[in-house]
Each structure stands twice: as C-alpha cells, then as structure tokens.
Amino acid sequence: MHWTPDPSAPSVGRVVITKTRSPIRTNVGLKVVMAVTGIILVLFLIAHMLGNLKIFTGAEAFNHYAHWLRDLGTPLLAPGWYLWLQRTVLVVAVLAHIGAATVLALRARAARPVPYAHRKKIHVNYAARTMRWGGVIILLFVIYHILDLTTGTLNPVGDSTRPHSNVVADFAPDRWYVTLFYTLAVVTLGFHLRHGAFSAFRSLGQQTPRGERRARTAALVFAVALTAGYLVVPFAVLTGLVA
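Structure representation (structure tokens):
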C-alpha cells in the first residue's frame, strides 16, 4: 500500500491495526496451560498420597522414606534442594492453573450476555461455586499444611528428624479440629478433581452420551480413590490404628 496526494485515486477505506495475541493468551492456549498444570498437580497428588500410605509400614520405614526425599538428587543437588525445587514448580503450576481458569471464566461471562435457562444456570453456578470456593479452601489448607508438616511451626512436635511422630501428633484425638479441617479440605479437593477430570475427558473428545457417562464414572472413581487414600491416614491416627 502507498499514499498518493491524487484526490481521484480510490480510497482504501479505514485502516485497522490489530495486535496479534500471544498463542498462550488465547482460549486454546489457556486451556493447554490448565491441562498441563493440572496434570503436574494430579501426578504430585498421586505420588504424595502413596508416600503418605507408607506410614502403615511402621515408623522406621516412614522416617526412612521422608529422609530419602530430602536426599533425593544428591550429589547433583544439595540435601533438601529437590524438595524446594518441587515446591517451586508446584507453586508456579498452582498460580498458572488459577490464573488461566480465572481468565477463561471472565471471558466466558463477558461473551454470554444472555443468561442460561434456569436449570442449566443452576448446574453451571454449582460447578462454578464448587471450583471457586474449593480453590480457596484448598489454598488455605496448603498454607496450613506447609506451616504444620513442612516447617513444623504449627506442629506439636515440629521435629524434622521425626516425620512419623509429627504426623501422629498432628492427628491425635485431642486435635480433632485438625482432622476435621483436613477432611474438609480433602473432600473439597475430591469435588474439585471430579469436576476437573470430567472437563478434561470432555476436552479430549468424550462428548457423546455414552462417552460422557464413562467420563463421569472415571472422574468419580478417581476422585473417590484419591480422597480415600488421603483420609485413611488421619483417621488411622485418630482411631489409634497408627501410633
């Protein structure tokens, strides 16, 4: 295109300059971010749950496992560095997951000037509230969990060399409120995972009636299994099965 002072020359009309959006900021890109970060967090939850279940093998075995985690990566990494590297990755994944979900939710609301029908609106609002408030509860629990069993600040024992004793003291019968909060957070996490897993299956193409039924069942089984795996430890301590 070139400019000419000739008034008889045809006009090119209004020139509109558009700014190309980064692929990662598009809806598709944000969904990819949510999927990748979600996979990272789910894999951590599964590994963490399996590690927690080692408490049923006895204090010595559980303490050995906890110390092994601190020494993981040596001599390439200094003792304890692997855990802090893992925590850093998890924090970044959580923030990216929340950020992508928030942007997508705001865009969906802005693009939907007409409300859903009453029945559909109830379902959508229920899912949104579950994910929103679930995220807040889980975030508060993670902060408490770090101060309790990572730094030992809020733990009755707070001795990093005695992980088994820390867990037993944490869920002792006289600290039933800790078990209650833990249960609330884990059940909330289960609802969050059920909804997230079902959405992931739908994104992978399970949108036929039969596919959706399978996706719902798979998401429910996964969420229940993970929830039970996390809750069995505090209740085992609370009932005296683990001491």
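The sequence shown begins at 593 in the numbering used here and counts up one residue at a time. Where is the CB? At the ideal position from N, CA and C, for every residue including glycine.
Mapping the DSSP letters down to three states, classify residue i as helix, strand or coil.
i, result
"residue 757", "helix"
"residue 703", "coil"
"residue 752", "coil"
"residue 820", "helix"
"residue 614", "coil"
"residue 648", "helix"
"residue 746", "coil"
"residue 629", "helix"
"residue 771", "helix"
"residue 831", "coil"
"residue 891", "Absent from the model: residue 891. The displayed extent of the chain is 593 to 835, so no value can be given."
"residue 666", "coil"
"residue 764", "coil"
"residue 671", "coil"
"residue 809", "helix"
"residue 800", "coil"
"residue 825", "helix"
Just confirm the distance between the C-beta atoms of residue i and residue j, as a whole number of angstroms; I'd bet it's less than 8 Å.
i, j, result
"residue 695", "residue 622", "6 Å"
"residue 664", "residue 674", "4 Å"
"residue 830", "residue 771", "5 Å"
"residue 632", "residue 692", "With 8 Å as the limit, residue 632 and residue 692 do not qualify as a contact, their Cβ atoms being about 13 Å apart."
"residue 726", "residue 780", "5 Å"
Between the options, which has its C-alpha nearest residue i's C-alpha?
i, options, result
"residue 677", "810, 661, 641, 826", "661"
"residue 625", "690, 728, 787", "690"
"residue 755", "634, 646, 628, 620", "646"
"residue 813", "786, 679, 775, 628", "786"
"residue 835", "811, 762, 783, 823", "762"
"residue 753", "651, 628, 780, 821", "651"
"residue 825", "790, 629, 644", "644"
"residue 637", "782, 800, 766", "782"
"residue 640", "784, 679, 618", "679"
"residue 774", "617, 614, 735", "735"
"residue 790", "800, 809, 801, 802", "809"
"residue 792", "615, 800, 614, 627", "627"
Residue i to residue j, Cα distance in whole Å?
i, j, result
"residue 659", "residue 671", "10 Å"
"residue 654", "residue 760", "12 Å"
"residue 749", "residue 700", "48 Å"
"residue 758", "residue 747", "7 Å"
"residue 635", "residue 804", "23 Å"
"residue 668", "residue 687", "28 Å"
"residue 827", "residue 764", "9 Å"
"residue 751", "residue 744", "7 Å"
"residue 778", "residue 738", "15 Å"
"residue 702", "residue 768", "44 Å"
"residue 629", "residue 776", "23 Å"
"residue 794", "residue 642", "28 Å"
"residue 618", "residue 697", "13 Å"
"residue 788", "residue 728", "16 Å"
"residue 733", "residue 740", "10 Å"
"residue 837", "residue 815", "Residue 837 falls outside the range modelled here, since the chain spans only 593 to 835, and no answer is possible."
"residue 800", "residue 807", "10 Å"
"residue 742", "residue 784", "24 Å"
"residue 620", "residue 766", "49 Å"
"residue 802", "residue 666", "49 Å"
Quick check on residue i - is its C-beta less than 9 Å from some C-beta in chain D?
i, result
"residue 730", "No chain D is part of this structure, which consists of one protein chain only."
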